[in-house]
Each structure stands twice: as C-alpha cells, then as structure tokens.
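Visitor: Here's a structure for you.
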Amino acid sequence: MRTCFVTAAIAAIVSSFLATAGAVEAAGAAPESRPAADLIVHNAHIYTVNPAQPEAAAVAVLGGRIVAVGSDAAALRWRGPATKVVDAHGQRLLPGFNDAHVHLMDGGVLLASVQLKDASSPEEFARRIGAFAATRPSGEWLLQGNWDETKFNPVALPTRQLIDAVSGDHPVALWRYDGHVVVGNTLALKLAGISAATQDPPGGVIVRDANGEPTGVLKDAATPLLERAIPEPNPEQRRAIIERAMREAAARGVTSVQAMSIDYATIAALADLQREGKLTMRVYAAPAISGVEDLAKLGIGRTFGSPMLRIGALKSFADGSLGARTAYFFEAFDDQPGNRGLLSADMQPLSKMRDWMLRADATHLQLCTHAIGDAGISAILDLYQDIEAAHGQRDRRWRIEHAQHLAAKDFERFAKLGVIASVQPYHAIDDGRWAEGRIGHDRSSRTYAFRTLLDHGVRLALGTDWPVAPLDPMQTLYAATTRATLDGKRPEGWFPEQKLTAAEAITGYTMGSAYAEFQDHEKGSIETGKLADFVLLSADPLKIPAVAIRDIHVLNTWVGGVEVYDAAHPQ
307 MRTCFVTAAI AAIVSSFLAT AGAVEAAGAA PESRPAADLI VHNAHIYTVN
357 PAQPEAAAVA VLGGRIVAVG SDAAALRWRG PATKVVDAHG QRLLPGFNDA
407 HVHLMDGGVL LASVQLKDAS SPEEFARRIG AFAATRPSGE WLLQGNWDET
457 KFNPVALPTR QLIDAVSGDH PVALWRYDGH VVVGNTLALK LAGISAATQD
507 PPGGVIVRDA NGEPTGVLKD AATPLLERAI PEPNPEQRRA IIERAMREAA
557 ARGVTSVQAM SIDYATIAAL ADLQREGKLT MRVYAAPAIS GVEDLAKLGI
607 GRTFGSPMLR IGALKSFADG SLGARTAYFF EAFDDQPGNR GLLSADMQPL
657 SKMRDWMLRA DATHLQLCTH AIGDAGISAI LDLYQDIEAA HGQRDRRWRI
707 EHAQHLAAKD FERFAKLGVI ASVQPYHAID DGRWAEGRIG HDRSSRTYAF
757 RTLLDHGVRL ALGTDWPVAP LDPMQTLYAA TTRATLDGKR PEGWFPEQKL
807 TAAEAITGYT MGSAYAEFQD HEKGSIETGK LADFVLLSAD PLKIPAVAIR
857 DIHVLNTWVG GVEVYDAAHP Q
C-alpha cells in the first residue's frame, strides 16, 4: 500500500530530526532550526509503559509520531507558530488502549439494537423486544440483543414463542451475550428452513422441546443455520455500522482493535475509510481460518498493510463457551453429567484443523485460536507443538483467545511454546457469578488465572471480546484489579490471588496487545519514534483505589497525534 511508503518516509524524517537534535543543541543553534511539532501535550502525568523512562510530563508529536518525551521544557522546545499545545492540567496520560479481541461489526450493530443484557425476566426480555420492534420498519430483521438468561428467575433459555408474541412481522435473531447461542422467532426459523427434521451439525446443537420441535435456540456450529437467512448489510449500512464502532472506540480511549472473525466485506469497507482518511482507529484484521488459502496464496505473511489497517492473522475455534455449556472439558460439567462440551466444527475432524494450521504457518500467518475449556486449550497446545515439530522454532506469537480454564499441567507448556494469552478480565467478574455451579471450585481456581499465567512467564494481551463485554477499558482494568463479581457477592474478589496490579493490567492492554500483533516496535508505549496514540483520563488508575477505576472517563483521545475524541465537545 502507498501508505506504507508514506509512513516509512515520515519515520525516516523523524529519525533524522532526532539524530540531529543533539548536534543542533550542542552547536548552539537557535530553537527555530528545530522543526515544529504538530502537537504538544504538556503539564501531564504520563505513564509511558516504557521501563527505561516510566514517567514524563510532556510529549511532542510530528508527522503522527512521537519526537520528544520528557519534561515540559524538552517538549515545548518543539513548539512552533502552528503547533497545537494542550495543557493536560496534571491529568494522567496513557498510551492508547489496544483491544486485543473484538467483534467489530457485532459491536457496531449492537450500539443501535435492542439492549437485553440486563433484562431480569422473560417478561422484561419480551417487553423490550416488542418496544424496539415498534420503532423499526416492517419486515426488518431484529438482531444482536446480548441477552443473559442467568439473570432470569428461574434461569431458563428464551424461546421462539416468547418472541413471537411481540415481534409482529419482524424476523428475529438475538444472540446470547457470549456470542455462542442465538434465539430466533418462528418467522426467522421458517426463513432459514429450520424444522424438527433439521439435523444438528457437527459442533452445534439445535435445542428442542419434548416433542422434538426447535425451541428457537441454537448453539455454536448450529448458529450459521439461522445466520444464513439474515441479509448482508449493504455498503452504506456496513459503513454506518463501522462509523458507530469507531465513535465508541474513540470515546473509550481505544486507539487500536484486533478484529476477530472479520469478514472480507468489512475489511474492504475499512480500506475505503482508510483511503478517504476517515479511519480513526487502527485495525488488525483476523478473518476465519477456513479461508486460509485466500491469504496463503497471496504470500503476504503476517501483518501486511499500513499502520492503520493490517491483515496477517487467522481466527479459529477449538470449542464453545462456558455460558452455553459448550466449552470442551476433560470432565463433564458438574450440573450436566455426561456433557463435556463440544469440539468446534473447525476441529471436526481434528486433521482438518491441523492441515489449516500447518498451511497458515508455512506462509507465516499468525494463529489466533479460541479455546475456553481445559481440554480445548490442551488440544490447541498439542496442535501448536505439532506445528513447531514440523516447521521448527521461530517467532510466531501464537495466541489462545480467552484461555479461560486451564488444566494444571498446561501452564508450563503454555509458556514453553511462547503462546500469548489473549484474555478478557471482564468475563471473570461476569462468569464468577455462576461458574462454580457448572465446573466446581477446583476447576474454577484455574479460571481466568492471570496471575498464574504471568508467574509462568506467559505474556498477556488484554481486551474485551466486545460486544460480549463493554468496550470501555476502565471496566476491564476494574475487573483485572478487583475480580469483584458483578452480582456484588464477591467484593473481595473471585479467587483474589489472581488479581493484577493496575500497572500490569495497563501494560497488558498496551504493550501486551501490541506484542500480540507484532507491533510492539510501533506502538504500545509513549516513547520517541512510536506512533502518537494516547489517551487523557479524568483520574489516575495507578493512584486511586481499584474499586474506583470503573468510574474514570476519557477526556481526550489522539490517534497519530490527531484528536479523535474530546469529552468537552463529543460528536
């Protein structure tokens, strides 16, 4: 891409400025001989995430990159007539947050959809659907929702009949918040051709009533049976969805996202936005591993593209989720004897996944594999070992997405293979409400085991799995540092020995995530030569009590030194 050459040229210019700056000062040259910065943020309390210079007061930016980090005086020497100078008034400035795991389109769709996450009963669930349906054009599909049946009393999955009563002529496909279960109304099932005669696909379940009729609920690999009936958004709709997502990211201080299971049409829309100079967050795109040949034939390897939009990773699935009881375990669920969960369709047969992974690795594509249950995680580590044995050792930065429930024997192997744990701390305070009822205390003690992973030398990359969890990094930092469950019953923390410090969580959310996408040399810290992505906060997560972190909000967000959010003048 042309932007790669432009960026390289800017970086070379910046390096030249930096190399000559000392000589200019030593020779007693006038300040005017120094090129003027585009932006200076001073009077700040900067946590750089650079161990060589952890704290600073000011930062100067030129051409989208950082040219000075240090004292106010050091940064202000780069001031010129056109320089924008921002007084941070002593507030905390951090590197921009890099969310290591999002579902970009789903998140953008949810922002304008019916909100069901906190619906506390089937009646409230139905009422909200009916009220939302009344605002939508006739025949329009109602999507997303993010419902959570564990908040119903008694706990019970919703049904198509519950939705039929309020949805009118709208086909409905509403996802459980974990993204592994969908419920459709009768009209949607009819449009998808799903009936009592429809067989469960490998890795999926069609939930049925006592008469064998579909209840409307489909799990994991069965969800595409319903998804295939949903019309694809047109280009204008897709762009509007992405723009909503970008505004949300900017308001939350998220300057980079790693988009899992992204489709090619969305990558194309992102590329259009980049060409127009309207892409306001950096995107690392990881499409499904089933399309490995598409990228392998191009021979691009990992991380191809520009600083704003890159491809080179592939997303795959080992199993389902804990909430859907489809995560794959060595032993059965405590509350469902005989059910160990499901291996995903990607893993059936196992040789298919192995062939895909070997093909991807042979062309230097990065592997990002969803694995939640202990047996699912172990199976992926086995496959990674097979690849290393076949192709030799090198810097692959393999990832396991979620890495929720590890077997005791696999922590050391995780580290030895250099696998990155791409984790979402908010899930811990959410699942902690009910997880022990499903897998017991012993297995739960190795659940979201962030401290144990760190102690074994495993690198963490933090994210949210948005829209499964809020995109807001403050909620993630709160979860990582408190582990206080959302129901308020574990204020001291669910398995508190697994807490992270605020500094560790911030590092995982910045440098850790940058490392996980082979970009630690480009971003993740506030240091000279790196991309100028940073966020100014209303309070300091490193200084205030952990319980107060969730109340912090973003004041300003910059991407490449360009302000993309200002709380005083929000879009």
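Throughout, the working numbering is defined as the position within the sequence shown, counted from one, plus 306.
Each residue gets a CB set at the ideal place from its N, CA and C atoms; glycine is no exception.
(1) How about Leu410 and Ala565: do their beta carbons lie closer than 8 Å?
(2) Hey, would you say Gly682 sits closer than 8 Å to Ala624, going by beta carbons?
(3) Just mark Val865 as buried or exposed, buried being the case when its beta carbon has 16 or more other beta carbons within 10 Å.
(4) Would you check if there are 3 or more beta carbon pairs closer than 8 Å linking the region 834 to 851 to the region 574 to 586?
(5) Note down the Cα distance separating Trp772 from His407, rounded to an integer number of angstroms.
(6) Indicate the three-state DSSP secondary structure (helix, strand or coil) for Thr609 in the structure shown.
(7) May I ask you to verify whether the region 805 to 812 touches the region 379 to 393, counting CB pairs closer than 8 Å and requiring at least 3?
(8) Under DSSP, the beta strand (DSSP E) around Leu524 begins and ends at which residues?
(9) Give the straight-line distance between the Cα atoms of Val330 and Arg340, rounded to the nearest whole angstrom.
(10) Can you list, in chain order, the residues of its chain with a C-beta nearer than 7 Å to that of Ala741? Leave out the 5 residues immediately preceding and following it.
(11) In the DSSP assignment, find the beta strand (DSSP E) that holds Ser473 and state where it starts and stops.
(12) Do you know how far the Cα of Asp692 is from the Cα of Glu869?
(13) State the start and end residues of the unbroken alpha helix (DSSP H) segment that holds Gly436.
(14) Determine which residues share a DSSP beta bridge with Ala591 and list them.
(15) Less than 8 Å between the CB atoms is what I'm expecting for Asp405 and Thr770, so what's the real figure, rounded?
(16) Whole angstroms is fine: what's the gap from Asp872's alpha carbon to Arg558's?
(17) May I have the straight-line CA-CA distance separating Thr863 from Arg553, to the nearest angstrom?
(18) Please report how far the alpha carbon of Asp857 lies from the alpha carbon of Lys457, in whole angstroms.
(19) Can you name, in chain order, every residue of its own chain whose Cβ lies under 7 Å from the Cβ of Phe636, other than the five neighbours on each side?
(20) To which residues of the same chain is His351 closer than 8 Å at the C-beta, ignoring the five residues directly before and after it?
(21) My guess is that Arg705 and Thr669 are in contact by the Cβ rule of under 8 Å, so how many angstroms apart are they, rounded?
(22) Can you name the start and end residues of the alpha helix (DSSP H) that Lys722 belongs to?
(23) I'd like the list of long-range same chain contacts for Gly867, defined as Cβ closer than 7 Å, with 5 residues on each side in sequence excluded.
(24) Spatial neighbours of Val355 within its chain, please: C-beta separation below 6 Å, excluding the five flanking residues on both sides.
(25) Using only CA atoms, which one of Met614, Asp640, Ala638 lies nearest to Arg581?
(26) On the criterion of 16 or more Cβ atoms from any shown chain inside 10 Å, does Ala374 qualify as buried, or is it exposed?
(27) Taking DSSP's pairing of strands, which residues face Ser622 in a bridge?
(28) Keeping to the same chain, check which residues put their C-beta closer than 7 Å to that of Glu455; ignore five residues upstream and five downstream.
(29) Quick check on Leu400: does DSSP put it in helix, strand or coil?
(30) Among Arg700, Pro776, Ile745, which has the Cα closest to the Cα of Phe639?
(31) Around the C-beta of Ala516, are 16 or more other C-beta atoms found within 10 angstroms, so that it is buried, or is it exposed?
(32) Identify every run of the beta strand (DSSP E) within the region 684 to 742, keeping only runs that are complete inside it and at least 3 residues long; order them along the chain.
Guide: Inspection of the coordinates gives the following:
(1) yes
(2) yes
(3) buried
(4) no
(5) 7 Å
(6) coil
(7) no
(8) 520 to 526
(9) Summary for Val330: the model assigns pLDDT 37, below 50, so the residue's position carries little reliability, and this model does not support an answer.
(10) Leu628, Ser750, Thr753
(11) Counting along the chain, Ser473 falls outside any beta strand (DSSP E), though it belongs to the alpha helix (DSSP H) covering 466 to 473.
(12) 46 Å
(13) 428 to 439
(14) Ala565, Ile617
(15) 6 Å
(16) 11 Å
(17) 11 Å
(18) 24 Å
(19) Asp680, Ala681, Ala713
(20) Glu361, Ala363, Ala394, Gly396, Gln397, Arg398, Leu399, Asp846
(21) Going by Cβ atoms, the distance from Arg705 to Thr669 rounds to 17 Å, so no, they are not a contact pair.
(22) 716 to 722
(23) Asp344, Leu345, Val367, Gly370, Ala838
(24) Pro401, Thr813, Thr816, Met817, Ser831
(25) Met614
(26) buried
(27) Thr675
(28) Val461, Ala462, Leu463, Pro464
(29) strand
(30) Ile745
(31) exposed
(32) 705 to 708, 726 to 729
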